[in-house]
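Engineer: One structure, pasted below without further comment.
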Amino acid sequence: MTDNKQDETIAVRAGRHPRQNHGVVNPPVYHASTILYPTVEEFDGRVDRRGQPGEVVYGLHGTPTTFALEQAMVELEGSYGCVVLPSGLAAVAMAILAFVRSGDHLLMVDSVYEPSRIFCDNVLSSLGAETTYYDPLVGSGIEKLIRPETKAVYLESPGSLTFEVQDVPAIAEVAHRHGVKVLLDNTWATPLFFKAFSHGVDVCIHAGTKYIAGHSDVMAGLVTATEQTYATVRQTVLEFGQCAGPDDTYTVLRGIRTLPTRLKQHSIQGLEIARWLRQRPEVMRVLHPALSECPGHDIWQRDFLGATSLFGIQLKDYTRGALTAMLDGMQLFGLGASWGGFESLLIPAYPEKLRTAVPWQGEGPLLRIHVGLENTRDLITDLDQGFARLNAVS
Ligand SMILES: *Cc1c(COP(=O)(O)O)cnc(C)c1O
């Protein structure tokens, strides 16, 4: 399948078949519900082909457009199969529901993306499945939390808002010894900067909405899986009647073509801004996995191939008034949820309202920054003026 090509080459080539499409470079967008069959024999035979990758049997089960995106993800990440979903959160929900049902137990990282936590607290609990939140830095200590009914351990590395890097191989080793599946939200690193399946992950979740699509104009989720877990994931997704629209699917695949190039630049610019912020007197610490003060930095260095440009800024003790004066006046940094697009964002974050396993103790306000593709000198000027407003109110 992957025949040892480098990621940049895979991103450009995977899932494309120009010769089968009049030489057109990009795969066509198939809009489909009904699929017509020539005979009763073949119509009846479609039942056995449902849910098989590459088999066009009904719009819900995917078209060549869907399979092209799935193929690109499989090759980039080194997984067995991929399922495309209408949002990242749908990918989270489907991956969990594939393995955790009534009476089961889920171990969930305390630094998880907030809507994933809400899904566990509301939907899973209403189904009679229990969730235990654990310290993101638990490592092989996860063993103490495993129960006979534990079906899955869910990781997100680095964590949302607070950026703790998890010891994925250590957790996976323990989990597998107990027959527990390992699910990872790999949205931050993308398939390029963390090779989840070579670190023991069974099922990987991506918000395609973020860096993969990369232009803040589409919602998408992707679940990639090993040969042992893929059929269960696919079946769950089909049973819930989930599929992504063809135009969105196409848009995400187009994003993959430039993903390595965009990420290289995001990575360089993110680190430049992180280092600049680190020496500012207003800043207590910068939670960037590639900087030594980020919890789990050593693990990042051991396991990751790069750092994207989303990170945290822990400020010293400033009032809310000072903070809003800074953020409301930003010229280039936008105030908005989501990230991974070409534009820079700067928002306040409140992990202390979410944490249950390990309370978050920040002494000052926490900001989450996404460094986009603008010129970094312009971004630094904008931040510098923002700090002037912060200090003016204090
Ligand atoms: C945004 C995000 C999601 C959800 O993606 P949507 O496409 O916005 O639903 C899941 N996980 C993480 C880590 C995210 O940042």
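Take 126 as the starting number for the sequence shown in this note's numbering and just add one per residue.
Glycine included, each C-beta is placed from N, C-alpha and C at the ideal position.
Given a cut-off of 9 Å, decide if V328 and T351 are closer than it, judged by their beta-carbon atoms.
Structural biologist: Yes, these two residues count as a Cβ contact at 9 Å.
Engineer: Helix, strand or coil, according to DSSP, for M521 in the structure here?
Structural biologist: Past the edges of the chain, shown from 126 to 519, lies residue 521, and the structure says nothing about it.
Engineer: Do you know how far the Cα of T134 is from the Cα of S323?
Structural biologist: Approximately 20 Å, taken between the alpha carbons.
Engineer: In the DSSP assignment, the beta strand (DSSP E) including V199 goes from what residue to what residue?
Structural biologist: Run containing V199: none in the beta strand (DSSP E); it sits in the alpha helix (DSSP H), P189 to E202.
Engineer: Note down the Cα distance separating L470 from H340, rounded to an integer number of angstroms.
Structural biologist: Approximately 13 Å between the Cα atoms of the pair.
Engineer: What is the DSSP secondary structure of Q145, counted as helix, strand or coil?
Structural biologist: Of the three classes helix, strand and coil, the one that applies to Q145 here is helix, per DSSP.
Engineer: Just to confirm my understanding: we take A482, look at its own chain, exclude 5 residues before and 5 after, and list those with CB closer than 7 Å. What are they?
Structural biologist: The answer, listed in chain order, is D235, Y258, Y259 and D260.
Engineer: At a cut-off of 8 Å, is S434 close to ligand 1 when judged by its beta-carbon and the heavy atoms of the ligand?
Structural biologist: False, no ligand heavy atom lies under 8 Å from that Cβ.
Engineer: Taking 8 Å as the line, does the beta carbon of D310 fall inside it for any heavy atom of ligand 1?
Structural biologist: Yes - ligand 1 has a heavy atom lying nearer than 8 Å to the Cβ of D310.
Engineer: Where do the ends of the alpha helix (DSSP H) carrying M344 lie?
Structural biologist: Here M344 belongs to no alpha helix (DSSP H), and DSSP marks it neither H nor E.
Engineer: Going by C-alpha distance, which of R480, L448 and R405 is nearest I505?
Structural biologist: Of the candidates R480, L448 and R405, the one whose C-alpha sits nearest the C-alpha of I505 is R405.
Engineer: In the DSSP assignment, find the unbroken beta strand (DSSP E) run with P473 in it and report its ends.
Structural biologist: Per DSSP, P473 belongs to the beta strand (DSSP E) from L470 to A474.
Engineer: T315 and T433 look like a contact to me (Cβ under 8 Å); what is the Cβ gap, rounded to whole Å?
Structural biologist: Yes, they are in contact, since the Cβ atoms of T315 and T433 sit about 7 Å apart, within 8 Å.
Engineer: Does the Cβ-Cβ distance between S519 and T444 come in under 9 Å?
Structural biologist: Result yes, Cβ atoms of S519 and T444 sit closer than 9 Å.
Engineer: At 3 residues or longer, and completely inside the segment 319–401: list those beta strand (DSSP E) runs for me, N to C.
Structural biologist: Counting whole runs of 3 or more residues, the segment 319–401 contains the beta strand (DSSP E) stretches 328–332 and 346–350.
Engineer: So which of P294, T361, Y375 and T190 has the shortest CA-CA distance to W425?
Structural biologist: Closest by alpha carbon: P294.
Engineer: Can you find a heavy atom of ligand 1 that lies under 8 Å from the Cβ of E281?
Structural biologist: Checking every heavy atom of ligand 1 against the Cβ of E281, one is found closer than 8 Å.
Engineer: From this set, V307, R174, L479 and L402, which residue's C-alpha is nearest Q510's C-alpha?
Structural biologist: Of the listed residues, the one whose Cα sits closest to Q510 is L402.
Engineer: Could you tell me the alpha carbon to alpha carbon distance between M126 and V137, rounded to whole angstroms?
Structural biologist: Residue placement at M126 cannot be trusted, given a pLDDT of 47 that sits under 50; what the coordinates show is reported in the next sentence. Distance between the alpha carbons of M126 and V137 is about 15 Å.
Engineer: State buried or exposed for Y162, treating a residue as buried only when at least 16 other CB atoms are found within 10 Å of its CB.
Structural biologist: It is exposed - the Cβ of Y162 has fewer than 16 other Cβ atoms within 10 Å.
Engineer: What's the C-alpha gap between T357 and G148?
Structural biologist: The alpha-carbon atoms of T357 and G148 are separated by roughly 36 Å.
Engineer: Compute every distance between the C-beta of M344 and the non-hydrogen atoms of ligand 1, then say whether any falls below 8 Å.
Structural biologist: Checking every heavy atom of ligand 1 against the Cβ of M344, one is found closer than 8 Å.
Engineer: Compare the beta carbon distance of C207 and V348 with 9 Å and say whether it is the shorter of the two.
Structural biologist: Against a cut-off of 9 Å, the Cβ pair of V348 and C207 comes out as a contact.
Engineer: For ligand 1, any of its heavy atoms closer than 8 Å to the Cβ of T164?
Structural biologist: No, ligand 1 has no heavy atom inside 8 Å of this Cβ.
Engineer: From what residue to what residue does the alpha helix (DSSP H) around Q510 run?
Structural biologist: Unbroken alpha helix (DSSP H) run through Q510: T501 to V518.
Engineer: Buried or exposed: which applies to R202, given that a residue is buried once 16 or more other Cβ atoms fall within 10 Å of its Cβ?
Structural biologist: Reading off the sequence shown, one finds Glu at residue 202, where the question assumed Arg. Answer is buried; the Cβ neighbour count reaches 16.
Engineer: Check the C-beta distance from L388 over to A197 and give it rounded, since I have them as a contact under 8 Å.
Structural biologist: Contact doesn't hold; Cβ gap of about 15 Å is too wide.
Engineer: Would you identify the three-state DSSP class for C245, choosing helix, strand or coil?
Structural biologist: Helix, per DSSP.
Engineer: In three-state terms, what does DSSP make of T127?
Structural biologist: With a pLDDT of 45 at T127, under the threshold of 50, the predicted position of this residue should be treated as unreliable, and no value is reported.
Engineer: Return the residue from the list H391, L430 and E195 that minimises the CA-CA distance to S468.
Structural biologist: Before going further, note that residue 468 is Glu rather than Ser in the sequence given. Cα-wise, what sits closest to E468 is H391.
Engineer: Nearest to D428 by CA position, among F318, F365 and E418, is which residue?
Structural biologist: The option with the nearest alpha carbon to D428 is F318.
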